[in-house]
Structure formats: structure tokens, C-alpha cells
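Taken in order, these protein sequences are the chains called B and H.
Per the numbering used here, the first sequence starts with residue 5, numbered consecutively.
Per the numbering used here, the second sequence starts with residue 3, numbered consecutively.
Beta carbons: idealized from backbone N, C-alpha and C, even for Gly.
Keep in mind the model is a prediction, meaning the values are calculated, not measured.
Here is the structure we will look at, set down as C-alpha cells.
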Amino acid sequence: MEPRGEVFVLGLVLSIIVLVISVLISIWARRFTRTLGDYYVAGRSIGAINNGLAMVSLALSLTTFIGLTALIIEGVYIAVAVYASFTAAFIGLMILAAPYLRRHKSFTTMAFISERYGSKTLRYISVIVMMIVSVLYLAGNLKGIGIVFFFLLGVPEIVGIVVGGLVVTLYVTLGGMYGVTYNQTFQTIVLLFCLMFPVAIVLRALGATGWYFPPLGYGDMVPQIIEAVPHYFWPMLVHPVVYIAIFLGSFFGIIGLPHFVMRFFTVRDAKEARWSTVLCVFLVGLVNTTVYATGFAAVYYMQTQGVDIPSAAFDYMVFILVEALAGQGWLALAVAGSVAAGLSTVAGLLMIMGAGLIHDLYGELRPEVDDEKKLKLSYAAMLIVGVLVILFSLNPPEFILVAIMWSFGIAAAGLGVPIVLGIWWKRTNKYGVAAGMIVGTLISLYGWIMIDLVGMNPVDIPFPIFAPYFYGPLGFIKVTAIAIPLSFILTVVVSWLTPPPGEELQRQVDEMHGWTDVDPKRYNSKGLPIVVIVFSVFVMWFMTTLYDVFPK
Amino acid sequence: MKDYKLEVWVTAICFIIVAITGGFFSSFVVILNELFFNQVPTPEGLVAFYGENMFVVKEHLTVMGFPLHYFLLILFSWIGVTIIGAIWCVIMDRLEERQRA
């Protein structure tokens, strides 16, 4: 897609309105922030509806508008697998972690891991993993905001990155978690409105009879798509390993991503944590299926109306279709919606990075510092982190979707595994968690280190049995399918071979599950670790069956 | 102990169902293909085995115009998991009330 030669005034005005409202919301929300708990977890006062809406905007980053449509047009079935895993993963997050994390009363993922396992070292390791994951996720989104400004508004990319980054940094710094939560709620409403309505108009223009409900509104277009592209709805011809990597990365990555987990520390109680996730998964599914409708509408549009759109522009298909079939007014709305999507995710990540640095790192190194000083330092840290990320985002990874999927994999192996086992198996101890976290994270980074840093050819990387993991669909992100099972195995085996955690640490598991008494038999059976090991070994064995059919 | 077992079993069953609908369902289709195509399914192989119209245009295999497998995958992983999540929440709400009592 060619960048606009001129400024798209209407789109720019709507985007600026979104930015200004975001700052105003934060200024308004600032009055609620008096303590450190208010700043980091909104005084644990957020209700289910508010939290559910805020989670939706976190989940629907800029990849919703940029990236997913290209995947749908180019490779339907793998895109459907991404959608299915990502949507269902929220329920996985809920039933494995959400209400239990809320009862634990930590501020952050890193604090949870440190307090559950009684180890300061684990806190430092998890802060490092959190920073890697957050920077990858954040840079992708901030770069996306720059792309939106450049291609759609005619404003230089660097202006988009700097303006978008500064606005988010400003409102996160000013409003803390209250500001972030109310902003994310506002941005979800903007996003839903700005995506659903333009897509409905596009479907109506293409003659879809069910245009008023985009997720399922394009059924009568399918025969024409099949006629034009006979293999379109066939199962994707790739090895199941790709799907397993997507499944494991989504399910355990979402539990490990600290900005998602932090939302559960802000709600009033475990019940609100549960129901907010149900609302979130319903709305995430609604938006994702609407994006899929856009992808199919794009195929239909190109095939039936003879429009030739270069594959490099598939990323912007939402905007191309809306402009061609709905008009400039709807395009301006879609642009504003995409800016809102990018801002909300960036805000959540900045919040967790600031909290991680001050609460989990500085607070541990200098325990004598009082909360009032920590609060002041938090404002400063948030501002500094924001500026540093803006600078990093000027030269981020190339492809947003890949960077974000990769961060899911690292989060799953490094943080998701210790959270899940820490909630469901009392016997898990700090030694096992350290082994699983470090090895899991390093394996997730292995492909990137060898290919991008060392400059090796993917087929020449040591351990040739795993060579097919470094090229073909998803590239080295497929290594997730090795890193996560290995992290599970190491955590369980090392925990078993080393002394059990103390009674006080084991008591936390009963408390997290809502029990007022302590029973050593609860969450301490051999069944769970055995099932985890058997399943992980099976998955790892299955990984070795990956056949070599991808182009090198 | 009765409530503990209820919590663990309900959670395990819900997780398995959600995992199947949200992830492995998609790979099952590929695994089945592999059984037929000697590990490496190709478009030509699929055409030879199923015919050109596989999955798609057979009338009884479509819902609202969608290929059945695609429709089910989309619906299971969206509406399906939402309902499973809501059922799990209701059970856990009741369990929590009993724990408090």
C-alpha cells in the first residue's frame, strides 16, 4: 500500500480526539491515586465489567488491524488456529490462574513468583524475563502506531511513534492503574464501534445478506470464494507441530504475560476476576471473528471484482476495504480504532514495566524505602521507561505479529509454567522453578541468538534433529513447542529431587484456592506431576517427527 | 475433601474441553490427513483422495454457507469456550459460598 501523499485530515482529527480523551481520562482518574496500591493495582477496586472491557483492549493489540488480515488471506487454516487458540486461551487463563492469583494479593507476576517460592533470586530472574517479553510486545505495537500514522494519515512514521509513545507515557504516568483501566475501557468501546460498523458496511457493499452481524455475515459469499480459490477452506498443509506451538504458546503465554496477569490483581475479589474473563473472551471472539470476516471479504473482493492488491499491502486490508467500499468517514473511524488498540496495549505494558522495576527490583534492593518515596519513584520510572521504549521502537523487529507471537512463547516457558505449577502443585519449589524458567527462556531465544545474533544459516544450527524448527511457517517461534514442555519437565523433576518448600509456602496454595484451613493432602497428589511429565514427553517426542518439507 | 475433588475434576474437565476446541481440534484434521498421505499431504494428494470438492461444497456439510469443519472450529472456540467458562464460574461461585459457610 502506497503511503498517503497528503494528510488525511478527518482520520488525523479523530485520532487526535482519541489521544486527547485518553489524557483527560487519566487526569480525571488521578484523584483516586493516593497510595502505592492505588497506583499499581487501582486499590483492588475494579469491577468485573470494567476489568473485562479493559482486558479486551489489552488482548486486541494493533495486530488485530495489522497482521491478522494478511495471515487470513495468505494462509487460512493456520490463521484460524491462531484465532481459536488465542480466544480459548482466555478461558485457560481463567480456570488455571485468574481467581487464584487474585486471592494471592501480589502486585505483579514477579512478586507472585518470588513470594510463592520464597526466593528473591526468582524475583530478579522473572523481572529480566518480563522485560524481554514486554519490550518485544511493546516495540511491535508502538511501531504499529507509527505505521498507521505513516500509511493512513500521511504523517511520518517517527512522528507517530513519538507522539503515540509520549501520550501513552503521559497518561500512564499521570493516572497509574486507575487511569490505565478507565482508558482501556474507553478504548475497547472505541475499538468495538470502529471495527464492527465499518466492516458491516463493507459486507453490505459486497452483497452479503448477513452484513448486520459481521462474524457470520459472509456465509453466502463462500461458494464464490471456493469457485475462485478451490483450496481456500482446506486444512492448512503444515505439520501439527505448528498448531501445537500455537496452542502451547497461546494457552501458557497468556498466563505468563505479566500485563494480562496484572489485571487480575486490580479486581475486587476472585468472583469478579472469573466473570471479567468470561466477558473478555466473548468480546475478543466477537472482534476476532469480525477480523476474519474482513479477511474473507478481501479474498472475495479481489477475486470477484478483479482488483489486484499486492501482498505487501495485505496487512492494511481492513483500511483498503473500508476506504474502497465504505468511504472516507468510515475509514477515519477505523484508523481511530486502530490507534486506540495500539495505545491500550502499550499502556498495559508500560505499567507492568514500571511496576517491575520499582516494586520488584528497587523495592527488593532497598527495602527501607517507604511507600511514599516509591510512589514518587514510580512516576519517574514510568516516564523513563516510556522514553526508552520510544527510542527502541524506532528500530524494532520487522514483523509485528511474529514479534508478539514470539513474546507469547517466551512468556509461556519463562513465566507461565511457574505460575500454573505454583497454583496447582504444592511440591513445586524454587529450585525446580529456577531450572524451568532459565532453560525454557534460553531455548525460546535459541533460534534468534543463532540466526539473528550469530548470523548462522537456519539449516546449520547445532542439534540437526531440530533444524526444521528454524525455517518454514512461524520460523524459530516453533521452538516454543520444545521450550514449554521442557520447562514443565525440568520444574517437576528438579522439584521432586530437591527438598520440598516450607509449610508457610505450601499454605499459600490452600489460601489461593479459598480454603481457610490447611490440608497437606490437597494439591499435593502425584497424579498431576505424572500427567504433566507424560504429556510433555509425548509432545517433545512428537516434535521430532517434524518432516522437512519447508523451503530452506 | 469432597469440595477439593470437585474443584480439581471440574477444572481438569473444563481445561481439556477448552484445549481441544481451542487448539488441538485444528491439528486433528492435519493428523488424519497424514494417515492418508504418508506423512506429507500435498494439494495433489488431497485432490486424488477426496476429490476437488472436499469439505466445502457438499450441501450437507455446510452450515449457513460455511464449510462444516470451519464453522464448528470458529463457533467452538468462541461461543463454546465462553459457555464452558461461564459454567465453570457458576460452579466455582457455589464452591466459594460453601467454603465461606
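Between which two residues does the alpha helix (DSSP H) harbouring residue i extend?
{"i": "N461 (chain B)", "result": "Element bounds for N461 (chain B): n/a, residue is neither H nor E."}
{"i": "E372 (chain B)", "result": "First-last for E372 (chain B): undefined, no H or E at that position."}
{"i": "M134 (chain B)", "result": "K124 to L157"}
{"i": "P202 (chain B)", "result": "E161 to A209"}
{"i": "L23 (chain B)", "result": "V13 to A33"}
{"i": "V92 (chain H)", "result": "V83 to R102"}
{"i": "A515 (chain B)", "result": "According to the sequence provided, residue 515 (chain B) is Glu. The question's Ala does not apply to it. Run containing E515 (chain B): E507 to M516, per the alpha helix (DSSP H) assignment."}
{"i": "T13 (chain H)", "result": "K4 to A21"}
{"i": "T502 (chain B)", "result": "First-last for T502 (chain B): undefined, no H or E at that position."}
{"i": "F323 (chain B)", "result": "M321 to L329"}
{"i": "W428 (chain B)", "result": "V421 to W428"}
Give the DSSP-derived three-state secondary structure of residue i in the structure shown.
{"i": "V536 (chain B)", "result": "helix"}
{"i": "V245 (chain B)", "result": "helix"}
{"i": "I50 (chain B)", "result": "strand"}
{"i": "G68 (chain H)", "result": "Note on identity: in this sequence residue 68 (chain H) is Phe, with Gly being the wrong assignment. Three-state DSSP puts F68 (chain H) in a strand."}
{"i": "V271 (chain B)", "result": "strand"}
{"i": "Q309 (chain B)", "result": "coil"}
{"i": "D42 (chain B)", "result": "helix"}
{"i": "N433 (chain B)", "result": "coil"}
{"i": "P314 (chain B)", "result": "coil"}
{"i": "F111 (chain B)", "result": "coil"}
{"i": "S529 (chain B)", "result": "coil"}
{"i": "A212 (chain B)", "result": "coil"}
{"i": "M56 (chain H)", "result": "Summary for M56 (chain H): the model assigns pLDDT 46, below 50, so the residue's position carries little reliability, and this model does not support an answer."}
{"i": "V483 (chain B)", "result": "helix"}
{"i": "F217 (chain B)", "result": "coil"}
{"i": "T495 (chain B)", "result": "helix"}
{"i": "G289 (chain B)", "result": "helix"}
{"i": "P555 (chain B)", "result": "A caution first: P555 (chain B) carries a pLDDT of 44, below 50, which makes its placement in the model unreliable, though a value can still be read off. Correct three-state label for P555 (chain B): coil."}
So with Cβ pairs under 8 Å, would you call residue i a contact of chain B?
{"i": "V59 (chain H)", "result": "Confidence at V59 (chain H) is low in this model, with a pLDDT of 47, below 50, so the placement of that residue is unreliable and no value is reported for it."}
{"i": "A103 (chain H)", "result": "no"}
{"i": "I18 (chain H)", "result": "no"}
{"i": "L74 (chain H)", "result": "no"}
{"i": "W11 (chain H)", "result": "no"}
{"i": "I86 (chain H)", "result": "yes"}
Using a beta-carbon distance below 8 Å, is residue i in contact with chain H?
{"i": "A232 (chain B)", "result": "no"}
{"i": "H108 (chain B)", "result": "no"}
{"i": "S89 (chain B)", "result": "yes"}
{"i": "K275 (chain B)", "result": "yes"}
{"i": "L100 (chain B)", "result": "yes"}
{"i": "V226 (chain B)", "result": "yes"}
{"i": "G299 (chain B)", "result": "no"}
{"i": "V206 (chain B)", "result": "no"}
{"i": "T484 (chain B)", "result": "no"}
{"i": "T432 (chain B)", "result": "no"}
{"i": "H517 (chain B)", "result": "yes"}
{"i": "A93 (chain B)", "result": "yes"}
{"i": "P103 (chain B)", "result": "yes"}
{"i": "G96 (chain B)", "result": "yes"}
{"i": "R48 (chain B)", "result": "no"}
{"i": "L195 (chain B)", "result": "no"}
{"i": "W410 (chain B)", "result": "no"}
{"i": "R278 (chain B)", "result": "yes"}
{"i": "G289 (chain B)", "result": "yes"}
CB residue i to CB residue j, shorter than 8 Å?
{"i": "Y121 (chain B)", "j": "A359 (chain B)", "result": "no"}
{"i": "V496 (chain B)", "j": "P533 (chain B)", "result": "yes"}
{"i": "I86 (chain H)", "j": "I19 (chain H)", "result": "yes"}
{"i": "M441 (chain B)", "j": "V389 (chain B)", "result": "no"}
{"i": "I151 (chain B)", "j": "I70 (chain B)", "result": "yes"}
{"i": "S348 (chain B)", "j": "N187 (chain B)", "result": "yes"}
{"i": "R272 (chain B)", "j": "I50 (chain B)", "result": "yes"}
{"i": "L62 (chain B)", "j": "H263 (chain B)", "result": "yes"}
{"i": "G253 (chain B)", "j": "A416 (chain B)", "result": "yes"}
{"i": "A351 (chain B)", "j": "V166 (chain B)", "result": "no"}
{"i": "N433 (chain B)", "j": "P505 (chain B)", "result": "yes"}
{"i": "N101 (chain H)", "j": "G518 (chain B)", "result": "A small correction: the amino acid at residue 101 (chain H) is Gln; Asn does not occupy that position in the sequence shown. Yes, they are a contact pair."}
{"i": "G56 (chain B)", "j": "C284 (chain B)", "result": "yes"}
{"i": "V282 (chain B)", "j": "C91 (chain H)", "result": "yes"}
{"i": "W429 (chain B)", "j": "Y527 (chain B)", "result": "yes"}
{"i": "L18 (chain B)", "j": "A384 (chain B)", "result": "no"}
Check the C-beta distance from residue i over to residue j and give it rounded, since I have them as a contact under 8 Å.
{"i": "M355 (chain B)", "j": "M266 (chain B)", "result": "7 Å"}
{"i": "L494 (chain B)", "j": "M544 (chain B)", "result": "Not really, about 12 Å apart at Cβ, beyond 8 Å."}
{"i": "A297 (chain B)", "j": "Y222 (chain B)", "result": "5 Å"}
{"i": "D312 (chain B)", "j": "A74 (chain B)", "result": "Contact doesn't hold; Cβ gap of about 16 Å is too wide."}
{"i": "L210 (chain B)", "j": "A301 (chain B)", "result": "6 Å"}
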